[in-house]
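For the sequence shown, the numbering used here gives the first residue as 3, with consecutive numbering after it.
These notes concern the structure reproduced below.
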Amino acid sequence: ARIKRIMQSDEDVGKVAQVTPVVVSKALELFMIDLVTSAATEAKGRGSKRVTAAHLKQVVMTNEKYRDWLGDTVSKVPD
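The following block contains the structure:
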């Protein structure tokens, strides 16, 4: 329900099919699994037991599939 509300808050979005929020939710889940797993690997490689914003930034900045659309956002995060 939350994803559907977010989608419909955009004036350019009309009606949303019932399956659309389910697909968007699954895509978000897979994206987060990939991003957090990569950040955990980065943290482990640096000898850290915690994933920090700096680890997420490193993953985004070294991975082209993230850098193109998240690079500007994470560039503000301190190393």
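Ideal Cβ positions, reconstructed from N, Cα and C, are used throughout, including at glycine.
Within its chain, find whatever has a CB closer than 7 Å to the CB of residue i; leave out the 5 residues flanking it on each side and keep chain order.
i: Ala41; result: Val53, His57, Leu58 and Val61
Check residue i in the structure and name its three-state DSSP category.
i: Gly73; result: helix
i: Ser50; result: coil
i: Ser11; result: coil
i: Ala3; result: coil
Classify residue i as buried or exposed, calling it buried when 16 or more other Cβ atoms lie within 10 Å of its own Cβ.
i: Glu44; result: buried
Output the boundary residues of the alpha helix (DSSP H) element that contains residue i.
i: Val61; result: Ala55 to Thr64
Is it true that the CB of residue j sits closer than 7 Å to the CB of residue i?
i: Met9; j: Val21; result: no
i: Lys6; j: Pro23; result: yes
When the cut-off is 7 Å and only beta carbons count, does residue i lie next to chain D?
i: Thr39; result: Among the chains in the structure shown there is no chain D, since it carries only a single protein chain.
By Cβ distance, which residues of its chain are closer than 8 Å to residue i, with the 5 residues on each side in sequence left out?
i: Val79; result: Ala55, Ala56, Leu58 and Lys59
Near residue i, what residues of its chain come up, given a Cβ to Cβ distance below 6 Å and the 5 sequence neighbours on each side ignored?
i: Tyr68; result: Val62
i: Asp81; result: Ala56
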